[in-house]
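Printed below as a string of structure tokens:
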């Protein structure tokens, strides 16, 4: 065994690189993954992901009889961070760097690489979808889960003026409010009473504390979150502050219906639309759907094959591409997958739209590299074991013969 | 005593063999063996694929009765295809057969069935004068349930609005019975179009072929279709009979389309609709309909019936061959006749019996021969499993990737087969007889569970795959790899069960070699399972990333595989760090088995995620039983461990945390 180094720092590093921490983290990770999996039944994937797997900690509640008991648990993010530190320290400080351990060193290093890939994906990946009818063209894909408030200028100079992502207003529940402004925008926007999933109820009474103001005879009612995050319908109350306008200043924005987008016409000219929509990202080119094809297994409603013939249009190039299941279009850091189609419940439908899942992920191909590295590590390890075992047997045989 | 036991077991074995070989009395049947063979091999299309009628009949029986064979009035087994012929050609008799199993009394109450009336009718019809008491649980015929049909359908409509995970036993039974009655109605009414009479304008009534002879009427019947579609009364009296009869003939697709490039097969109902609507289609359509109509007319004349059936069989076979579908159908006929997994179950059971016999006199020549018999029987059983898997791959065909695993049923077969193989490999290196003894037992258990699953699922286990599961390189290697991982980890866990049970009979660990050997085997199996589960899981992520851009989606199935990897790694590191020793390793390994069961089956019935295949009957119960047994083994193990420690005087060594940097190798030779 390697000689122990003295000093507080070395002792800390010794603990950090130890098997003890590895075991505790792995057991807790198993527990968190199990509890998170079961919790998906009631809470849905999106909420569970945030609470269990992407958090530093959580309180897990369960009942003994009628009494609720809360147990604090480490979150997946914290556990993976500790695991990363533990493995790094173990690789650098604890594992012997000799020929016999090359394979295991490679395997451990590859797992570290996979953890880094996961973090890069978690931090920098954007994913959403793009729905296109035949002949339609788009350069924008929208998130499955996150909302944003978009203020657009209408008319001749049409275009985005201000996009407020959910991260900036997601905490503004009840009477909490925040002002948003931008150079060139002739008004400020006061945002409050955000609800991730909401319905509207008719109302003409003055709002009670915490309730949204009444707009167009309605108020926001917060609904429980749907386990399927895509099914939630966001709403928020906004108030146009400053500038001269005769338009209604206060408005409810509700994602359930386009009627609840708000329009503001400024006295000095300029018309603006304000809406709550799924957060969108631009692609540096356009995708146009030429034809969507679906083939069903005979006499069933089950798709055997579906694909989209699209045109990828850049200022300097137009290219026809076929996107099918398991054969995505990858270009310029973005990947377009054949995800869905519709309308699926209308047997008389003759024209279909396509839904393409769009992903931008810098670590897109890293798991493949991991597989190559870990396989190499395991092969080295097992070959080394085999060689050693054969050599040992040969020595044993020689000893037997000589004795 | 041992000799007495040997003699007793030999007598039981010989008696069983004699019973199996004894010629059985000829069963009375209205269908000759020639007729049965013609229909058994008749190609049809169902669930989007061509299959022999026998497979369709078996699936229907599984759905309705939960068995692969029916029983006649004398309690004798009736092959599925004969049962189907009875249902199709003698529907009124079939409606009197007690096909439907009701195991929830509340359902009968909600249907407002008059049990006294049913009981009276049964006793009046009983040939042997045997008095029968009818309870609210049991088997019922269609005619007995028919008075409560409307109530049942209303209840079913309500149940459909309740999510499957929230359904009670009553809800599940209502939905099951409702679906079964509908499917049965689809079968008994399938040939109604050839049985009913169609009223003409002048009060004259004709059969289906007679109707099509009145060519001037056909456009008028065709013109009634929009009215019927909108629920309005048709203008023609013939239409009133034609449309319901044609609609009932939709259950089974019997006729390959005219164009050999068209993968669609047509049902009699579609053919009738087409013949009314399209004059160009009519000649071909009527030729098909006349074959079925002829069969119905000659059902009581066996030789005429056989001749007509043979003609239809020949025509369909030729067209199936032109489309390249006949080879698969014929292979499936062979698979159905061979029943490799059922035969393998029997061989594994004989193998288990033989190894049990060998323990009575292990060192004698009898012991050696029974051991050899175990090896041979188990290898042959494994061979049959492989043959069955390969045949299924060829039936599915290249266009669907030919992977050995495409559904949960196939995972059971594959994993059981692989565990048997792993046992043989382990035995090859250890030569202690432990793994050899486990091989037929895990094989038999696996085949038994596969049969239970098939019955609970009640569907076509060779069903078509959705687009995303067809042809992807990463998917093709991910699924077998991860299942090999399941096999390795589950086998390690089962070895730990054996360890704990044996250790309870030897708390002082006198038979040190045996326990060390068992521990090494479990350890090796765990390492193998962990590595393949890890690689398989990442391969699954790569497939998901290639298919929809998401390497990891926290799907329950993915999480289950991840849990196996994490727990296995925790075990290995805990052992390397000296936190657990031999007994601790086995206790953790028991937990690993429960995790494998969670990942393998439980995640599929949670009702969330991409691997949620619906609520196959009995899966949740089966998983709960496994958890309970594993829990009992764990608790029992802890007690045995505590006793063994107290007998050893709580040796300090057990508590010492050995800080080892040694790489994984054979476990410590002592617990001290």
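Chains as they are written, first to last, in this note's numbering: chain Z, 1 to 403; chain L, 1001 to 1672. Using N, Cα and C, we set each Cβ at its ideal position, and we do this for glycine too.
Is the shortest distance between the beta-carbon of residue i and the beta-carbons of chain Z less than 8 angstroms?
i, result
"residue 1573 of chain L", "yes"
"residue 1551 of chain L", "yes"
"residue 1608 of chain L", "yes"
"residue 1655 of chain L", "With a pLDDT of only 39 at residue 1655 of chain L, under the threshold of 50, the placement of this residue in the model should not be trusted, and no figure is reported."
"residue 1468 of chain L", "yes"
"residue 1043 of chain L", "no"
"residue 1253 of chain L", "yes"
"residue 1080 of chain L", "no"
"residue 1011 of chain L", "no"
"residue 1589 of chain L", "no"
"residue 1536 of chain L", "no"
"residue 1317 of chain L", "no"
For residue i and chain L, any beta-carbon pair shorter than 8 angstroms?
i, result
"residue 299 of chain Z", "yes"
"residue 364 of chain Z", "yes"
"residue 53 of chain Z", "yes"
"residue 461 of chain Z", "No information on residue 461 of chain Z is available, as it lies outside the stretch 1 to 403 that chain Z covers here."
"residue 189 of chain Z", "no"
"residue 339 of chain Z", "yes"
"residue 154 of chain Z", "no"
"residue 20 of chain Z", "yes"
"residue 58 of chain Z", "no"
"residue 393 of chain Z", "no"
"residue 335 of chain Z", "yes"
"residue 147 of chain Z", "no"
"residue 380 of chain Z", "no"
"residue 49 of chain Z", "yes"
"residue 251 of chain Z", "no"
"residue 37 of chain Z", "yes"
"residue 323 of chain Z", "no"
Give a yes or no on whether the C-beta atoms belonging to residue i and residue j are separated by under 8 angstroms.
i, j, result
"residue 1479 of chain L", "residue 1443 of chain L", "no"
"residue 1644 of chain L", "residue 1492 of chain L", "no"
"residue 1190 of chain L", "residue 1252 of chain L", "yes"
"residue 1329 of chain L", "residue 1320 of chain L", "yes"
"residue 1533 of chain L", "residue 1485 of chain L", "yes"
"residue 1564 of chain L", "residue 1489 of chain L", "yes"
"residue 194 of chain Z", "residue 170 of chain Z", "yes"
"residue 1035 of chain L", "residue 1302 of chain L", "yes"
"residue 1193 of chain L", "residue 1268 of chain L", "yes"
"residue 352 of chain Z", "residue 366 of chain Z", "no"
Strictly by DSSP, which residues pair up with residue i?
i, result
"residue 28 of chain Z", "For residue 28 of chain Z, which the question treats as bridged, DSSP gives no partner whatsoever."
"residue 1543 of chain L", "Answer is none; residue 1543 of chain L lacks a bridge partner."
"residue 360 of chain Z", "Z:126 and Z:334"
"residue 72 of chain Z", "Z:59"
"residue 103 of chain Z", "Bridge partners of residue 103 of chain Z: none, in fact."
"residue 1265 of chain L", "L:1256"
"residue 1070 of chain L", "L:1078"
"residue 1186 of chain L", "Its beta-bridge partners do not exist; DSSP assigns none."
Give the DSSP-derived three-state secondary structure of residue i in the structure shown.
i, result
"residue 1093 of chain L", "helix"
"residue 1396 of chain L", "helix"
"residue 176 of chain Z", "coil"
"residue 64 of chain Z", "strand"
"residue 1051 of chain L", "strand"
"residue 341 of chain Z", "strand"
"residue 1528 of chain L", "helix"
"residue 268 of chain Z", "coil"
"residue 1593 of chain L", "helix"
"residue 1225 of chain L", "helix"
Between residue i and chain C, is the shortest Cβ-Cβ distance under 8 angstroms, so that the two count as touching?
i, result
"residue 106 of chain Z", "In the displayed structure, chain C is absent; the protein chains listed are Z and L."
Whole beta strand (DSSP E) elements within the segment 178-266 of chain Z, 3-residue minimum
If we require 3 residues or more, the beta strand (DSSP E) runs fully inside the segment 178-266 of chain Z come out as 188-195, 198-202, 218-222, 235-241, 250-254 and 262-265.
Threshold first: 4 residues or longer. Then list the alpha helix (DSSP H) segments lying entirely within the segment 1142-1167 of chain L, N to C.
Fully enclosed alpha helix (DSSP H) runs of 4 or longer: 1142-1145 and 1149-1159.
Entirely within the segment 1415-1462 of chain L and at least 4 residues each: give me those alpha helix (DSSP H) ranges in chain order.
You should have 1434-1457.
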